[in-house]
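Since the structure comes first, as structure tokens, the remarks are kept for the end.
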Amino acid sequence: MNNVVLIGRLTKDPELRYIPSTGNANTRFTLAVDKQLSRDKKQEMESKGQPTADFINIGVWGKQAENCANYLAKGRLVAVQGRIQTSSFDGQDGQRKYWTEVVASNVQFLEWGDGPRQGGQQPRRDEGYNPDVNVDPPMDDQFESAGSDPFPF
Numbered sequence: 090m091n092n093v094v095l096i097g098r099l100t101k102d103p104e105l106r107y108i109p110s111t112g113n114a115n116t117r118f119t120l121a122v123d124k125q126l127s128r129d130k131k132q133e134m135e136s137k138g139q140p141t142a143d144f145i146n147i148g149v150w151g152k153q154a155e156n157c158a159n160y161l162a163k164g165r166l167v168a169v170q171g172r173i174q175t176s177s178f179d180g181q182d183g184q185r186k187y188w189t190e191v192v193a194s195n196v197q198f199l200e201w202g203d204g205p206r207q208g209g210q211q212p213r214r215d216e217g218y219n220p221d222v223n224v225d226p227p228m229d230d231q232f233e234s235a236g237s238d239p240f241p242f
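Counting in this note's numbering, the sequence shown runs from 90 upward without gaps.
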């Protein structure tokens, strides 16, 4: 079974690109995931200049990739569920290079900003999350049209 669940913060703004041959959207970002260290161990590692987090490469595809590019930014907290994928290629120097990333099947935004990030691709009105729109009906008017029957069903 190849299943990964991570919670962390983006180290930089996500990068959106479209694959020329298929037109599929792909977004990549790096997630800083804190190591579960005691306070003393964390201070010791920080004093030595050692990282107290793991930096995990994340790849997202399709509609979710566009939403990540539009609404995530450096420092935002997200949860990612996916699978680990490794690949290799020959670099320009002729050396074999290896790449490991988590291919996300689900990205949950745990912190929200003020809407689409600046410089990002603007989503169409029918796509993505719009924090200015209330999608829930008002609770006090929910069963008003049910008539005088105390049970609206």
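We put the CB at the ideal spot given by N, CA and C, even for glycine.
Quantities reported herein were computed from a predicted structural model and do not represent experimental measurements.
Asked                                                                                                                                        : Found
Mind checking which residues open and close the alpha helix (DSSP H) that includes Asn113?                                                   : It is not in any alpha helix (DSSP H) - Asn113 carries neither H nor E in the DSSP assignment.
Is the stretch 126-137 touching the stretch 160-175 in the sense that three or more CB pairs, one from each, lie closer than 8 Å?            : no
Using the C-alpha atoms, what's the distance from Asn92 back to Gly164?                                                                      : 24 Å
Terminal residues of the continuous beta strand (DSSP E) containing Glu190?                                                                  : Arg185 to Phe198
What is the rounded straight-line gap between the Cα of Glu190 and the Cα of Ser177?                                                         : 12 Å
Taking the beta strand (DSSP E) that Gln174 falls in, what are its first and last residues?                                                  : Leu166 to Asp179
Relative to the alpha-carbon of Asp123, which residue among Gln132, Thr141, Gln184 and Thr116 has its alpha-carbon at the smallest distance? : Thr141
Classify Pro109: buried if its beta carbon has 16 or more other beta carbons within 10 angstroms, exposed otherwise.                         : exposed
Whole-angstrom Cβ separation of Thr119 and Thr100, contact assumed at under 8 Å?                                                             : 4 Å
Find the nearest neighbour of Val94 within the set Ala158, Ser194 and Met134, judged by alpha-carbon distance.                               : Ser194
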